[in-house]
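Visitor: Terminal number for the sequence shown in UniProt numbering: 454, no gaps in between. Here you go, one structure.
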Amino acid sequence: MIEKNKEYILDIVGQGYEGEGIAKIDSYPIFIQGALTGEKVKILAIKANKNFGFGKLLEIIEPSEERVTPECENAKRCGGCSIQHMNYKNQLDFKFDRVKDCMHKIAGLTTDLVQYPIGMETPSRYRNKVQLPVGMVKGKIAIGFYATRSHNIIDINKCLIQDEIADKVAAITRSWMEKYKILPATTDGIFDPKGLVKHIMIRKGFKTNEVMVVLVTIKKTVPHINEFIANIRDNIDGIKSIVHNINSKDTNVVLGTDFRTIWGAEKITDYIDEFKFNISPVSFFQINPVQTEVLYSTALKYAALTGKETVFDAYCGTGTITLFLGQKAKKVYGVEIVPEAIENAIENAKENKIYNAEFLVGTAEEKIQELLDQGVEPDTIVVDPPRKGCDIKLLEAIAEAKPKNVVYISCDPSTLARDLKILTEKGFKVGKIQPVDMFPHTPHIECVVKLKRK
């Protein structure tokens, strides 16, 4: 145990799943954000639970050779890029160890199945979408990101993982609000119904350079909106769409349901490999376009399609992976519970002349069972679930369908390992596990897994 508010000098012996340094006192683990394995540090004990505690890093007495000075001036305050203090090779090593640890401890698999993560040649300015909260902080307008574990907005002039266009849009929005005395919808972290602007969202096509700006307010009427439109239109290269979204609710949900295109087109376009996609304000589209092509190409390789197969794509979203599968399969069925996403998927298939794709609205487990009842038997099933992983009913449906191959794309190694354990118990053998670094400078890692039916 540790004594709260007491200082300690400790050796860091490992890294937690979120990148925290781990020290131990008589086998009692203490998590310290910002510390690296091999370092000797001074900490202040800030919390002591029964089985583990937390410390605040006060001083690095003996730094690790892997430590670098973050380029971002907000690295210590912002909650976005929590492992910037690791050099990039060390980040990949950390993620490699995390995936191996999950596979061994949770799934009971041998770690030699895990391949080394595929990283980025230039791990900066990689995001094609950003949602920036807007608030009044200590009497000044702040546009940026939330501090770690809080709703305190850090005013940011430059973010090194976003496209530069986002910095410029934020600056224009801030100047417009200051000039016309337009207030944010929060003041010092508290919702203010007398205010107006809640968020600003920016999307940019990686290959088309088309830009969409979405202004989110809590009211329908926006004073001096024409001046905002003119400022964006005249100063943002590639601007194609300016949208006004109304979200009057005091929740963590960024976008409301009321969208109004106030200038330009309703959508922008972009490409993944050779496929063209129309992107609306609510469209799901992977945020790292460079690594998305790596991720999907790996999934397609693991599917090992010859043109004769029937494929089920569970959690198909707007059909991005479905189209990749469609170019190699005989027939592919995309399943998604969100009707609007399926509408986009159908449009995307037509746009790209993929005629062997069929899209179904509903839960994956229900639609798979319906297809089986109709005599449609899959050779391959592809799943790309949200962070919480697959529903147990879907895993049971996959087992009942008895495909030769399963390709599992995951954004969370822990839930992936849990689901792989279940699938191995249901008759599947895990082959390669390939991590892909979609989110440099953060603890997150995507994985593509190949499974075969025993």
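Positions of the beta carbon are idealized from the N, C-alpha and C atoms, including for glycine. All of these numbers come straight from a predicted model, not from anything done at the bench.
Return the chain-ordered ranges of every alpha helix (DSSP H) run that is complete within the region 261-328 and spans a minimum of 4 residues.
Guide: 289-303 and 320-326
Visitor: Please look up how many angstroms separate the CB atoms of F359 and I381, rounded, as I've assumed it's under 8 Å.
Guide: About 16 Å separates the two Cβ atoms, so there is no contact after all.
Visitor: Quick test of your reading: I246 and V213, contact by CB under 8 Å. State the CB separation rounded to the nearest angstrom.
Guide: In fact, because the Cβ distance is near 15 Å, the residues do not count as touching under 8 Å.
Visitor: Looking at A142: is its Cβ nearer than 7 Å to the Cβ of R77?
Guide: Against a cut-off of 7 Å, the Cβ pair of R77 and A142 comes out as no contact.
Visitor: How many angstroms separate the CA atom of S64 from the CA atom of G144?
Guide: 30 Å
Visitor: Given that a residue counts as buried once 16 or more other Cβ atoms are within 10 Å of its Cβ, and exposed if not, what is I202?
Guide: buried
Visitor: Going by alpha carbons, who is nearest to T318 out of A349, Q434, Q369 and L325?
Guide: A349
Visitor: Nearest to residue 478 by alpha carbon, out of V41, K138, E71 and V290?
Guide: With the chain running from 1 to 454 in the structure shown, residue 478 is simply not present.
Visitor: For H244, name the three-state secondary structure that DSSP assigns.
Guide: Three-state DSSP puts H244 in a strand.
Visitor: Identify whether I92 lies in helix, strand or coil by the three-state DSSP scheme.
Guide: It should be pointed out that residue 92 corresponds to Leu in this sequence rather than to Ile. Residue state, collapsed to three classes: helix.
Visitor: Are there three or more Cβ pairs, one per stretch, closer than 8 Å when the region 192-207 is compared with the region 262-280?
Guide: yes
Visitor: Check this for me: beta carbons of R453 and G427, under 7 Å apart or not?
Guide: Yes. Within cutoff.
Visitor: Once the 5 residues before and after A166 are set aside, which same chain residues still bring their CB inside 6 Å of it?
Guide: V130 and I202
Visitor: Check the C-beta distance from V229 over to I262 and give it rounded, since I have them as a contact under 8 Å.
Guide: According to the sequence as given, residue 229 is Ile; it is not Val. About 6 Å separates the two Cβ atoms, so the contact holds.
Visitor: Going by DSSP in three states, F439 sits in which element: helix, strand or coil?
Guide: coil
Visitor: Below 8 Å on the Cβ atoms is my guess for Y315 versus P385; work out the distance and round it to an integer in Å.
Guide: 5 Å
Visitor: So, helix, strand or coil for Q374, using DSSP?
Guide: coil
Visitor: Does the region 97-115 come within contact of the region 418-426, defined as at least 3 CB pairs closer than 8 Å?
Guide: A contact between stretches requires three or more CB pairs, one per stretch, nearer than 8 Å, and the region 97-115 meets this requirement with the region 418-426.
Visitor: Whole angstroms are fine: how far does the CA of I190 sit from the CA of E274?
Guide: 45 Å
Visitor: Once you ignore the five residues that flank K4 on each side, which residues in its own chain have a CB closer than 6 Å to its CB?
Guide: A45 and A48
Visitor: Do three or more CB pairs link the region 358-373 to the region 292-307 at distances below 8 Å?
Guide: no
Visitor: Using C-beta distances below 8 Å, list every residue in its chain close to F52, excluding the 5 sequence neighbours before and after it, in chain order.
Guide: Y28, P29, I30 and F31
Visitor: List, from N- to C-terminal side, the alpha helix (DSSP H) runs of 4 residues or more that fit wholly inside the UniProt domain "TRAM" (1-59).
Guide: none
Visitor: Could you check what DSSP says for K367 in three-state terms: helix, strand or coil?
Guide: helix
Visitor: Where does M177 sit, in a helix, a strand or coil, going by DSSP?
Guide: helix
Visitor: So, for G19: in the same chain, excluding its five sequence neighbours on each side, which residues have a beta-carbon less than 6 Å away from its beta-carbon?
Guide: S82, I83 and P443
Visitor: Suppose you measure from the CA of V134 to the CA of D237; what does that come to, to the nearest Å?
Guide: 23 Å
Visitor: Report the rounded CA-to-CA distance for I60 versus Y8, giving the unit in angstroms.
Guide: 12 Å
Visitor: Put S124 into one of helix, strand or coil per three-state DSSP.
Guide: DSSP places S124 in coil when its eight states are reduced to three.
Visitor: From E340, E227, N352 and Y355, pick the residue whose C-alpha is nearest to that of G362; which is it?
Guide: E340
Visitor: Among K432, V169 and I337, which has the Cα closest to the Cα of M103?
Guide: K432
Visitor: Specify the secondary structure class of R98 as computed by DSSP and reduced to three states.
Guide: helix
Visitor: Could you give the distance in angstroms between the alpha-carbon of K219 and the alpha-carbon of V338?
Guide: If I take the Cα positions, the gap works out to 27 Å.
Visitor: Note the first and the last residue of the continuous beta strand (DSSP E) segment covering S82.
Guide: Note, S82: premise wrong, no beta strand (DSSP E); not H, not E.
Visitor: Among Q115, L113 and G80, whose alpha-carbon lies nearest the alpha-carbon of I153?
Guide: Comparing Cα positions, the closest option is G80.
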